[in-house]
Amino acid sequence: MFKEHTLNTTEIIDLIQKNTQIEVKASENSYDASIIVEPKDVLPVMKFLKLSRDLSFKVLSSHTAVHDGEDFKLFWNLLSYEHNLETTIESSVPVVSPQIQSVCKVWKAADWLERESYDLFGIQYIDHPDLRRIMLPEDWIGFPLRKDYQSPEGYQDIENSRSEIDKRFKP
Amino acid sequence: MTSELKTEHITINMGPQHPSTHGVIRFVIKTDGEIIHECDPDVGYLHRGIEKIAESVTWQGFVPFTDRVDYLASMNANWAYCMAVEEMLGTEVPERAEYIRVIAGELNRISSHLVAIGAADMDMGAITPFVQLLREREYINDLLEMICGARLTYNYYSIGGVNYDLPEGFSIKVMGFLDHFEVAVEQMHRLVTYNQIFINRFANVAAVSPEMAMDYNFVGPNLRGSGVKYDVRRNKPYSIYDKLDFEIPIGTASVGTLGDCYDRYFVRVEEIRESVKILRQCLQQIPEGEIQAKVKNAIKPPVGHKYIRTETPRGDTGYFIYSDGKTSPSRLKIRTGSFTGMSIIPELARNIFIADLVAVIGSLDIVAPELDR
Amino acid sequence: MNAYFNNIKNGIQTVFEGMSISLASFFVHPITIQYPEDDISSAEKLKETYKGQLGPMPENYRGILDVDLSICTACQLCVKACPIDCIVIDAVKCDKSKVQGTKSEKPAVKTRTCTRFDIHMGKCMFCALCTLACPTGAIVHTKVFEMNKYQLQDLVLSFVSEEEKEKAIKRDSELKVEAAAEKAAKAAKEAEKTEEEK
Ligand code: SF4
Ligand code: SF4
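Chains as they are written, first to last, in this note's numbering: chain A, 113 to 283; chain B, -14 to 358; chain C, 44 to 241.
Structure, rendered in structure tokens:
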């Protein structure tokens, strides 16, 4: 049903470099191998990955961000059902100006996934058709999944304080 | 004399508390008479910040929280998380524990599909099947209660194995249940699947083509309903699924178009049968032995990221974990089937009847806590 | 025209098919327990009413927590295991003794005792992580699940009474005095020894 040989990360990198002339490199990570792409190159690389006959990553399985020090690391997990392939694309943007090209045009699934990471991390996706909060209320202040996020005193009329009983359990 | 009739779209609100939205979800619908012109799902009412909680609890301490991600299939949610951490630590799970995991997971898959089917029927106005199917689910609840002591939020899987061994006489009880259950499935077929009214409501409604399904990252029964034969259990086998013999049902457009609501529904029914098959095999093959691998008390996986996918009842659930070598995850993202399934609604709901929107939501099997996390 | 009549026929057939299944349900045993009229704790009575279809609660049911303080060694492992901090333990020293836990054959050594053992049942999520972590089996889930209370405060279970606490603290200070005396005696002996050597 499926091809015996599945491409590994180095072969995928070779394919990208040969066909798009964009410099990408493999990341050193203890678990999943991933491909590091410069933020400005993300959109063309993604387009190639989807349209290439040998790869045809037609599915964007997950997209998320990680707050790591001065940077947001962005991850895209791609799947190819035809070739039974799986890969991770990695990129990073600085926390002070978190801007990246949206990949909505490549996969429709990116729409909500990007809205979610905008909502929780404050990453600005350029050319996203409808970038607004998805989980939190529209008037929420701050981006909760950032490491330096302080939980608010309250929201509208709801007070966010710990009860006397809770304080006895954990001062 | 001609007078021009001025028409405009009416905006109506469906939910958040609505019996057929499967939890607390709100839909803002612009309608033209009874036809939906635009539908904007407003999600997030059940957002409990589980991903943020993960950053403050220990690796083992997060397992009970995964129960709350998907309350209809907590076993499978536990499984996905535990497997991810085990892969990060390089822990080998004992074989008996793997069998127990499959047994518990498949039982839970059946019970989850029963609710999915029953709720879809109830949305169509058929209350009897829902009650009948919940009765069957009650037997499964009893079985799962026997092994772990809880009926809904099991917290049964632990990192490196399972928490309790199977009690005595469990396999006999499960076998007895399966015999009884196969009859019940037949009855359900008579009651729902071949029911003309039901077919008319579900067939040819909101068909999703295979390309569209992949583009929107449909997973699980929804994806297979569109005719894409992809199942993580088969295509990227984990646990002991490569040793088991089972089919992957896909949508065949038996009464309508490929990928319509009926196909998605029918794939679930067929999957129940396959689960019964898997359960019988597991109960015959299960070996004796350990149920828990040795795992340290304070887990600290090395720095790195891992993305693990498992096949839960609502499809391929992905856990993306980023560890920075501390006692709790630095970032944990849960990609669920309901979330991506829901993102198709604005496109799927265009130019269909309001009553059909209910059918679409029912057939996509959306569980609100899983959607919002 | 034919299709029209066929549709009517199909519709009626379908309805009757469903009705027959519904009607059959009149003749099966009840599946739901009439709670709270029925006594769910007695297995015999349940068997009688429900013809063996329903059993009592399983042995390992995860109900509200109970602590057997006599075998608790105040090791704090349950506190560390609980993900939502709903257990709190304060402990002091006590007379050294051996206690026989329920989990292993070997008795555990008890050198500390609790002066405060509170569990916030209002927050507890019955995950059993504490019972699994406990080395002696002192903390267990009971089969009790009814715990409606009028006040949130009443959901905090305190297992150490005031008297016990005072007793433990008193014994602790006595032990401290004893230990200090012992230490002083030892030091005096040492001093004597060194002087002798000189
Ligand atoms: S059952 Fe779970 S939540 Fe409750 S006290 Fe024990 S560890 Fe904490
Ligand atoms: S883990 Fe057990 S023995 Fe240790 S403090 Fe808790 S209840 Fe006592």
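By construction, the Cβ of each residue, glycine as well, lies at the ideal position given by its N, Cα and C atoms. The structure presented is a predicted model; accordingly, all values stated were derived computationally and were not measured.
No Cβ-Cβ contact shorter than 8 Å links B/Gly300 with B/Val252.
Within the same chain, Cβ atoms closer than 6 Å to the Cβ of C/Gly106 are found at His184, Thr185, Lys186, Val187, Phe188, the five residues on either side in sequence being excluded.
Secondary structure note for C/Ala151: its beta strand (DSSP E) is the uninterrupted segment 151 to 163.
Between ligand 2 and C/Leu120, a heavy atom-to-CB distance of less than 7 Å is present.
The residues Thr158, in chain order, have a CB closer than 6 Å to that of C/Lys208 in the same chain once the five nearest residues on each side in sequence are set aside. Setting aside the 5 residues that flank it on each side, B/Asn148 is surrounded in the same chain by Tyr141, each with a C-beta closer than 6 Å to its C-beta; the list follows chain order. Close CB contacts of C/Val135 within its chain, under the 7 Å cut and outside five residues either way in sequence, are with Arg155, Thr156, Thr158, Ala211, Ile212, Asp215 (chain order). B/Ala283 has its Cβ no nearer than 7 Å to any heavy atom of ligand 2. Against chain C, the CB of A/Ile277 has a partner CB under 8 Å away; the residue lies at that interface.
When DSSP states are grouped into helix, strand and coil, A/Trp188 belongs to the strand group. Among the bridge pairs identified by DSSP, A/Tyr237 is matched with A/Ile212. For B/Lys15, the enclosing beta strand (DSSP E) stretches over residues 11 to 17.
Residue burial annotation: B/Ile276 is buried, with at least 16 other C-beta atoms found within 10 angstroms of its C-beta.
DSSP, read as helix, strand or coil, puts B/Ser96 in helix.
Taking a Cβ-Cβ cut-off of 7 Å, C/Asp197 has no neighbours in chain A, whose nearest Cβ is about 11 Å from it.
Comparing alpha carbon positions, the residue from B/Ile235, B/Gly18, B/Val177, B/Pro234 closest to C/Met62 is B/Val177.
Between the alpha carbons of A/Leu225 and C/Ile64 lies a distance of about 45 Å.
Residue nearest to C/Leu120 within the set B/Ser308, B/Ile330, B/Asn282, B/Pro298 is B/Asn282 (criterion: CA-CA distance). Counting the other CB atoms within 10 Å of its CB gives B/Gly326 a total of 16 or more, which places it among the buried residues. Fewer than three pairs of CB atoms, one per stretch, sit closer than 8 Å, so the segment 122 to 130 of chain C makes no contact with the segment 93 to 112 of chain B. B/Asn(-2): member of the beta strand (DSSP E) spanning -5 to -1, first to last residue.
Annotated three-state conformation of B/Ile102 is helix, per DSSP. The criterion of a C-beta distance shorter than 8 Å is not satisfied by B/Glu256 and B/Pro286.
Runs of beta strand (DSSP E) with 3 or more residues, each lying fully within the segment 5 to 86 of chain B, are found at 11 to 17, 20 to 27, listed in chain order.
Judged by beta-carbon spacing, B/Val159 lies beyond the 8 Å limit of B/Leu137, meaning their Cβ atoms are not closer than that value. In the structure shown, A/Tyr230 adopts helical secondary structure according to DSSP, grouped into three states. Within chain A, the residues placing a beta-carbon under 8 Å from that of C/Val131 are Arg280, Phe281, Lys282, ordered along the chain.
For secondary structure counted as the beta strand (DSSP E) over 3 or more consecutive residues, the segment 232 to 286 of chain B holds no complete run. With fewer than 16 other beta carbons inside 10 angstroms of its own, C/Lys141 counts as exposed. In the DSSP annotation of this structure, B/Gly326 is not part of any beta strand (DSSP E); the continuous alpha helix (DSSP H) holding it starts and ends at 322 to 327. For B/Ile263, the closest of B/Arg249, B/Val288, B/Asp227, B/Thr(-4) by C-alpha to C-alpha distance is B/Asp227. The criterion of a C-beta distance shorter than 8 Å is not satisfied by A/Val171 and A/Leu155. Counted as a single uninterrupted DSSP element, the stretch harbouring B/Val168 is not any beta strand (DSSP E) but the alpha helix (DSSP H) occupying residues 155 to 173.
Interface criterion not met: the Cβ of A/Lys159 is under 8 Å from no Cβ in chain B. Assignment of C/Lys229 by DSSP, reduced to helix, strand and coil, places it in the helix class.
CA-to-CA, the gap between B/Gly347 and B/Val240 works out to about 18 Å.
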